[in-house]
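Enquirer: With the first letter of the sequence shown counted as 1, position 161 gets the number 160 in numbering that gives the first Met the number 0; the numbers rise by one all the way through. Positions of the beta carbon are idealized from the N, C-alpha and C atoms, including for glycine.
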Amino acid sequence: MKTNQIYDQPSAMDFFNRIPDEDAARKYLASGRWPNGVTCIHCGHGEVWTINDGNLYTCKKCRKQFTARTGTVMEDSHIPLRKWIYAMYLMTISRKSISSVQLAKELGITQKSAWFMAHRLRESCQSTTKLSGTCEADETYVGGKEKNKHASKRKHEGRGGTGKSIVFGVKSRNGETRAKVIEVVNRKELHAAVKEAVASGAILYTDDHRGYHGLKDYRRTSVNHSDGQYVKGDAHTNSIESFWAVLKRAHFGTFHHWSKKHLERYVNEFVFKANTNGLPAFDKTGTDCGLTTVRAHMAGMNGKRLTYERLIA
Ligand SMILES: [Zn+2]
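1. For Arg177, which of Phe15, Lys63 and Cys124 has the nearest alpha-carbon?
2. Run the proximity test for His41: is its beta-carbon closer than 7 Å to any non-hydrogen atom belonging to ligand 1?
3. Which value, in whole angstroms, describes the spacing of the CA atoms of Asn267 and Ile239?
4. Leaving out five residues before and five after Val270 in sequence, what residues of the same chain have Cβ atoms less than 6 Å from its Cβ?
5. Look at the Cβ atom of Val169, then the Cβ atom of Glu135, and state whether they are nearer than 8 Å.
6. Are at least three pairs of beta-carbons, each pair with one atom in the region 292–301 and one in the region 74–94, less than 8 Å apart?
7. Once you ignore the five residues that flank Lys303 on each side, which residues in its own chain have a CB closer than 7 Å to its CB?
8. Thr205: buried (16+ other C-beta within 10 angstroms of its C-beta) or exposed?
9. State the Cα-Cα distance for the pair Leu28 and Glu195, rounded to the nearest angstrom.
10. Leaving out the 5 sequence neighbours to the left and right, which residues in its chain are closer than 8 Å to Pro79 when beta-carbon positions are compared?
11. Can you look up Gly162 in the DSSP assignment and give me helix, strand or coil?
12. If you count every other CB in all the chains shown that lies within 10 Å of the CB of Gly36, and 16 or more means buried, which is it?
13. His77: beta carbon under 7 Å from a heavy atom of ligand 1?
14. DSSP puts Gln8 in a beta bridge; with which residues?
15. Give me, in chain order, the residues of the same chain whose beta-carbon lies closer than 8 Å to that of Ile318; leave out the 5 immediate sequence neighbours on both sides.
16. Quick one: grab the DSSP three-state call for Tyr85.
17. I need the boundaries of the alpha helix (DSSP H) containing Ser99, first residue and last residue.
18. Alpha helix (DSSP H) containing Tyr27: first to last residue?
19. What do you get for Val183, buried or exposed, if any count of 16 or more other CB atoms within 10 angstroms of its CB means buried?
20. Among residues of its own chain, excluding the 5 on either side of Leu262, which ones have a beta-carbon nearer than 6 Å to its beta-carbon?
21. Quick check on Thr292: buried or exposed, where buried means 16 or more other Cβ atoms within 10 Å of its Cβ?
22. Name the DSSP bridge partner or partners of Gln64?
23. Which of helix, strand or coil does DSSP assign to Phe115?
24. Would DSSP call Lys179 helix, strand or coil?
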């Protein structure tokens with residue numbers, strides 16, 4: 000892990016120079032969502048009329064209108080775009096995430112708005128492309144009492160500590176991570192989670208949990224943790240376990256308690272951070288410096304929505 004990542008990042012001052020007003024924020028969002036030019040969100044057509052000084056697009060094919068926010072978690076929000084993008088920046092530079100109290104102070108909005116905003120950003124940073132190559136899969140327990148944190152060692156006897164949630168994760172040795180909350184550690188759940196995250200044909204390293212048995216489409220090797228074996232040749236799950244360590248430090252450091260209901264979105268945030276680790280938060284000068292975390296976030300926003308009703312349901 001890069002311990003100096005924060006200090007290499009553009010500063011808040013750089014951010015405000017780069018995005019001084021709403022017009023700049025809108026242009027920045029449009030270039031992030033559509034790096035190759037604005038594409039109709041309704042039909043995918045690549046030619047649009049830009050009207051109202053760039054605030055509105057009309058598709059030349061289906062004639063439907065949309066803005067840079069349409070079809071994203073920001074669509075129904077009255078919060079200025081500049082604050083949204085600044086929130087993406089803050090989320091990305093804070094390794095342990097940012098609380099809604101802190102976010103509210105930084106943005107000058109209510110804590111309730113900040114909380115809703117942060118969850119919408121977490122909802123929209125999830126990546127769903129399947130991993131390939133050599134992948135490590137593992138499960139862990141999050142939440143509950145600190146004294147139960149080694150509950151994963153007992154998972155072979157069934158469900159872990161009470162009050163804990165189970166997170167399944169995969170890390171490709173190429174770098175990318177996927178993770179999601181699962182209900183129980185059994186064959187049905189684990190098989191479904193592996194198939195959702197990993198392309199068939201991949202090499203898969205797991206622990207010796209019986210739930211992984213019978214996965215046909217992968218070249219699987221298990222490491223027998225219950226016998227104290229943690230590495231067998233190249234087969235180990237140390238990379239995904241280091242992701243668990245980051246997740247758990249954030250859990251106890253910033254939030255103290257993640258409700259089970261919202262855990263999946265917190266997991267999304269940390270997966271996103273892991274997958275964009277080492278990238279600059281944004282491009283300081285406006286010249287193309289390749290991918291940045293804020294641009295990666297914006298590019299993945301198409302079709303992601305989270306209403307307040309769903310959030311509090
Ligand atoms: Zn269209």
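Expert: The answer reads as follows:
1. Taking only the C-alpha atoms, the option nearest Arg177 is Cys124.
2. Yes; taking the cut-off as 7 Å, the Cβ of His41 has a heavy atom of ligand 1 nearer than that.
3. Roughly 15 Å separates the two Cα atoms.
4. Once the five neighbours on either side are set aside, the close Cβ partners of Val270 are Thr176 and Ala178.
5. Contact annotation: Val169 and Glu135 have beta-carbon atoms nearer than 8 Å.
6. The way I'd put it, the region 292–301 does touch the region 74–94; three or more beta-carbon pairs between them come closer than 8 Å.
7. Closer than 7 Å at the Cβ level, and outside the excluded window around Lys303, lie Thr71, Val72, Glu122 and Ser123.
8. It counts as buried.
9. Counting only the Cα atoms, Glu195 lies some 30 Å from Leu28.
10. So the list reads Glu21 and Ala24, once near-sequence residues are dropped.
11. Reduced to three states, the DSSP call for Gly162 is coil.
12. So Gly36 counts as exposed.
13. Checking every heavy atom of ligand 1 against the Cβ of His77, none is found closer than 7 Å.
14. DSSP lists no bridge partner for Gln8.
15. The displayed coordinates of the chain run from 0 to 312. Any statement about residue 318 would go beyond what the structure contains.
16. Helix, per DSSP.
17. Going by DSSP, Ser99 is part of the alpha helix (DSSP H) stretching over Ser99 to Leu106.
18. Per DSSP, Tyr27 is one residue of the alpha helix (DSSP H) stretching across Glu21 to Arg32.
19. Its Cβ having fewer than 16 others within 10 Å, Val183 is exposed.
20. Taken in chain order, the residues that qualify are Ser164 and Val180.
21. Counting Cβ neighbours within 10 Å, Thr292 comes out buried, since at least 16 surround it.
22. Paired residue(s): Thr57.
23. The answer is helix: DSSP assigns Phe115 an H, G or I state.
24. Looking at Lys179 - three-state DSSP - the assignment turns out to be strand.
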